[in-house]
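Just so we're aligned, residue 1 is where the sequence shown starts under this note's numbering, counting upward by one.
Think of the CB as a built atom: it goes at the ideal place given N, C-alpha and C, for glycine as much as any other residue.
Working notes, beginning with the structure itself.
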Amino acid sequence: MKNSLKRSVWISICFCTLVLTGVAEFGHAQEVTGPHRVKWLRVGTLHNWYSNAGAEVEYGRRGRAAAESQDQADQLNWEAQFPLQDRACSKGLWIGTTNYDDPVDGKNYPFKVVQAGPRFANTLTNFMPEIFKMVGKSPHPSVVVDGLSASDNIVNDVVDEYDESMKADRMIVNKLHSSIGVTVTRKIYAFSQQYHDNYFIYDFVFKNTGILDLNGTTVEKTLPGVFFFFSYRYAPGFEGGMRSFVGSGNVSWGKNTVNDVVGQNPNAADFQFRAFYSYYGPHSGSPGYESDWGDPNHNQADHLGAPAFLGVVTIHADKSPGDPGDDLSQPFSTQYLGSDQNINSVIDSYNRDAMVQQYTLMSAGHPEKTHAQEVGSEFADRWGGDGGGYSQSIAFGPYTLDPGDSVHIVLAEAVAGLRREKSTEVGTKWFSNTAPFVLPSGTTTTDRHEYKKAWVWTAKDSLFAAFERAIENYNNNFAIPEPPPAPKDFTVTSGGNRIILTWTDNAVSSPYFDGYQIYRAIGRPDTLYDKIFSCDKSNYVHSFDDTSASRGFDYYYYIQTKDDGARNSVHPGVPLVSSRFYTMTNQAAQLQREAEDNLSEIRVVPNPFNIRASSLQFGSTTPDRIAFYGLPPECIIKIYTERGDLIETIEHLDGSGDELWDSVTSSRQIVVSGLYIAYFEVTKDFNDPQTGKRLFNKGDNTFRKFIIIR
Numbered sequence: 001m002k003n004s005l006k007r008s009v010w011i012s013i014c015f016c017t018l019v020l021t022g023v024a025e026f027g028h029a030q031e032v033t034g035p036h037r038v039k040w041l042r043v044g045t046l047h048n049w050y051s052n053a054g055a056e057v058e059y060g061r062r063g064r065a066a067a068e069s070q071d072q073a074d075q076l077n078w079e080a081q082f083p084l085q086d087r088a089c090s091k092g093l094w095i096g097t098t099n100y101d102d103p104v105d106g107k108n109y110p111f112k113v114v115q116a117g118p119r120f121a122n123t124l125t126n127f128m129p130e131i132f133k134m135v136g137k138s139p140h141p142s143v144v145v146d147g148l149s150a151s152d153n154i155v156n157d158v159v160d161e162y163d164e165s166m167k168a169d170r171m172i173v174n175k176l177h178s179s180i181g182v183t184v185t186r187k188i189y190a191f192s193q194q195y196h197d198n199y200f201i202y203d204f205v206f207k208n209t210g211i212l213d214l215n216g217t218t219v220e221k222t223l224p225g226v227f228f229f230f231s232y233r234y235a236p237g238f239e240g241g242m243r244s245f246v247g248s249g250n251v252s253w254g255k256n257t258v259n260d261v262v263g264q265n266p267n268a269a270d271f272q273f274r275a276f277y278s279y280y281g282p283h284s285g286s287p288g289y290e291s292d293w294g295d296p297n298h299n300q301a302d303h304l305g306a307p308a309f310l311g312v313v314t315i316h317a318d319k320s321p322g323d324p325g326d327d328l329s330q331p332f333s334t335q336y337l338g339s340d341q342n343i344n345s346v347i348d349s350y351n352r353d354a355m356v357q358q359y360t361l362m363s364a365g366h367p368e369k370t371h372a373q374e375v376g377s378e379f380a381d382r383w384g385g386d387g388g389g390y391s392q393s394i395a396f397g398p399y400t401l402d403p404g405d406s407v408h409i410v411l412a413e414a415v416a417g418l419r420r421e422k423s424t425e426v427g428t429k430w431f432s433n434t435a436p437f438v439l440p441s442g443t444t445t446t447d448r449h450e451y452k453k454a455w456v457w458t459a460k461d462s463l464f465a466a467f468e469r470a471i472e473n474y475n476n477n478f479a480i481p482e483p484p485p486a487p488k489d490f491t492v493t494s495g496g497n498r499i500i501l502t503w504t505d506n507a508v509s510s511p512y513f514d515g516y517q518i519y520r521a522i523g524r525p526d527t528l529y530d531k532i533f534s535c536d537k538s539n540y541v542h543s544f545d546d547t548s549a550s551r552g553f554d555y556y557y558y559i560q561t562k563d564d565g566a567r568n569s570v571h572p573g574v575p576l577v578s579s580r581f582y583t584m585t586n587q588a589a590q591l592q593r594e595a596e597d598n599l600s601e602i603r604v605v606p607n608p609f610n611i612r613a614s615s616l617q618f619g620s621t622t623p624d625r626i627a628f629y630g631l632p633p634e635c636i637i638k639i640y641t642e643r644g645d646l647i648e649t650i651e652h653l654d655g656s657g658d659e660l661w662d663s664v665t666s667s668r669q670i671v672v673s674g675l676y677i678a679y680f681e682v683t684k685d686f687n688d689p690q691t692g693k694r695l696f697n698k699g700d701n702t703f704r705k706f707i708i709i710r
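Here it is in structure tokens:
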């Protein structure tokens, strides 16, 4: 057995070396060596991808080489409908034991650690995935706009099997074997109910199966001094870092992240729960310490770049393999660590020096002061000597695992804070410095910095409320009240004088059903939405005509089913609603008039086009748009410069009277100022469908001149 095991591991090591060598030629090592798969949980306001490697490593989704400038913080996206809302860089999972006689090389290791993350992972030799699947309670709805599939769920909500009896909306099951014989079963639960959609629950079972690889090679041995270690590198100011709110990009990887810990002493009078939380600490690149809470845009009125706190709460940790009671003294260790420390990059279970350092960290206990206490009132990015900032870790143990023993640990990870509307209100009022400022308590102040800081710190209260809800949800076997289901089909159809929305009636039979509400965004889907329709059980319908739309604009929608609010224990009377992310459209609907029957009706709008005349354009998200109205059902449009150069050809084939052009040439360049000629030519014969009278002959043509001023 030992020789065959050695051969198997040696082949895997050789393969890994070849893979890493090949990738290194292009400048970066591969973040995950071996077979790697990713699945998304995205049913609520918090979205995250998960890896079959057992932990979500830095750049693990798309790779550093492919997305270095975009993806360092690529996790925990809340509020997920808006861009740049990621708040985490990486996570790590390590398992350590002592006095380990290795069956591969025959040597004894005083400390043995198997690692996944936070920088790299290896699914061939470290944690080897056997199962990685998504289980869903029900399929996501079909969302169609003008005959095209129009939902991000098609790509990102890929369910492997369904279980109607499941209480969570989605569950990822990830089972892995490790090279020290501990099998990990990780279940991750996501909920769409609006008071439980900003956290994930992680249910871990660590079992000493003795299975060392995917071939089933088994070595039975007792594992003493076992610790289960989790690390978290958060960057709550990622958006502000990417948009240079403080003039330093290091915000985007968490250089100024502050980590704090609560609940280390379960006997304390103020003990609430065991958790850590992280937040944006004021940055030295800002105009001042007190002015930088919440990562505001110091150059213009804007929403805050870091309006949320995030963290992890321990829900349960077995006292021992033989005692499933919750050990309130766990986690044993809550150390913070430099995010750029070398041990974060080591995934070698034969590196003695690194494993000594890793095991020492996971077994170190609680620091005398938390990271937040050490930072105090300093600029967080100036504290300490680590260029990457500081991560937070939690470790559970020490446990002794005899063959067949298991340990059960349950965590919840949450993000909470100011919603976009409030974040924008606070950021704008702070920037304009218009007193008095109303504090969360209802009192007022004339100090704009005090005002903003007070509102930012309400995010801690919101996060702790999310922790409490997650704990209660788990302890009650996930028996939270569910909203009525979203419509199974949601269809949006662009029309000539209205945009038509229709949906199926599957929710009507649901208990407590009380109608629908529809929201609309203009110009882009990743922005604020306005409610444009609502009905209740007394007058519910399954279609709605949006007659308030204007020609030339892009419209995006979502529909929610709602109940009567009778089961809302958080805010009694407020309806529970289905998730917007089930029906949110990602394709634009546009108001389109019927085709005209005479080429003389063709108009260019606006004409002249003046880039400075925003009130005459089609919204801030399409500032270069020009419309051609009054078209025949089908024609070809050729756009020429004044001197006769053809710069773009547009095929108008949808049968409407409208065509939109965003001032882009065939070579993908924005046009310059000047006089342009649009040539219109009918591409087929058309008869009046009622009378049979010929309206257009193939080849009929005309032209229009228009001016662009940039």
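Residue ranges of uninterrupted alpha helix (DSSP H) with 4 or more members, entirely inside the segment 17 to 90 and ordered along the chain, are 64 to 67. Counting C-beta atoms within 10 angstroms of its own C-beta, Val-492 has 16 or more neighbours from the protein chains shown and is therefore classed as buried.
For the pair of segments examined, the segment 203 to 218 was found not to touch the segment 143 to 158: the number of CB pairs separated by less than 8 Å stays below three. The alpha carbon of Arg-87 has as its nearest neighbour, out of Asn-198, Val-104, Gly-117, the alpha carbon of Asn-198. A residue is called buried once 16 or more other Cβ atoms fall within 10 Å of its Cβ, and Pro-287, having fewer, is exposed. With three or more CB-CB distances shorter than 8 Å, the segment 575 to 594 counts as touching the segment 43 to 55. Assignment of Met-134 by DSSP, reduced to helix, strand and coil, places it in the strand class. With a threshold of 16 other beta carbon atoms within 10 Å, His-140 meets it and is buried. If you draw a straight line from the Cα of Leu-361 to the Cα of Thr-527, it is about 43 Å long.
When DSSP reads this structure, Ala-412 sits in a beta bridge with Ile-201, Val-313. The three-state secondary structure of Glu-648, taken from DSSP, is strand. A residue is called buried when at least 16 other Cβ atoms come within 10 angstroms of its Cβ; Pro-632 meets this threshold and is buried. The segment 284 to 300 and the segment 396 to 413 do not touch, with fewer than 3 CB-CB distances between them shorter than 8 Å. A distance of 8 Å or more separates the beta carbons of Phe-227 and Ser-349. Where Gly-241 is concerned, the enclosing alpha helix (DSSP H) starts and stops at 238 to 242. In the structure shown, Thr-491 falls within a strand segment according to DSSP collapsed to helix, strand and coil. Distances from the CA of Val-182 to each of Ser-406, Glu-368, Ile-394 were compared; the closest alpha carbon is that of Ser-406.
Separation of Glu-31 and Ala-121 (C-alpha to C-alpha, rounded to the nearest whole angstrom) is 6 Å. Ile-708: member of the beta strand (DSSP E) spanning 701 to 709, first to last residue. Excluding five sequence positions before and after Glu-79, the CB atoms of its chain that fall closer than 8 Å to its own CB belong to Thr-45, Gln-85, Arg-419, Arg-420, given in chain order. The C-alpha of Gln-592 is placed about 8 Å away from the C-alpha of Arg-498.
Within the DSSP secondary-structure output, His-177 pairs in a beta bridge with Met-128, Thr-183. For Thr-527, no alpha helix (DSSP H) encloses it, and the DSSP letter there is neither H nor E. With distances taken between CA atoms, Asn-598 lies nearest to Glu-681 out of Ile-394, Pro-483, Glu-368, Glu-681. Within the same chain, and ignoring the five residues on either side of Gly-136 in sequence, the residues whose Cβ sits closer than 6 Å to its Cβ are Val-159, Tyr-162, Arg-170.
The DSSP assignment places 108 to 116 as complete runs of the beta strand (DSSP E) inside the segment 92 to 120, in order along the chain (cut-off: 3 residues). Your pair Glu-648 and Ile-639 checks out as a contact, with CB atoms roughly 5 Å apart and the cut at 8 Å.
Take the alpha-carbon of Phe-276 and the one of Pro-572: they are about 30 Å apart.
Membership of Lys-460 in the alpha helix (DSSP H) is indicated by the continuous run 458 to 475.
With 16 or more neighbouring CB atoms inside 10 Å of its own CB, Gly-34 falls in the buried class.
Counting other Cβ atoms within 10 Å of its Cβ, Lys-562 reaches 16 or more and is therefore classed as buried. Distance from the CA atom of Val-426 to the CA atom of Arg-469, rounded to whole angstroms, is 27 Å. Straight-line spacing of the CA atoms in Ala-412 and Ser-534 works out to 34 Å. DSSP, read as helix, strand or coil, puts Gln-373 in helix. When DSSP states are grouped into helix, strand and coil, Gly-147 belongs to the coil group. In this structure, DSSP gives Arg-643 a state outside helix and strand, which the three-state scheme calls coil.
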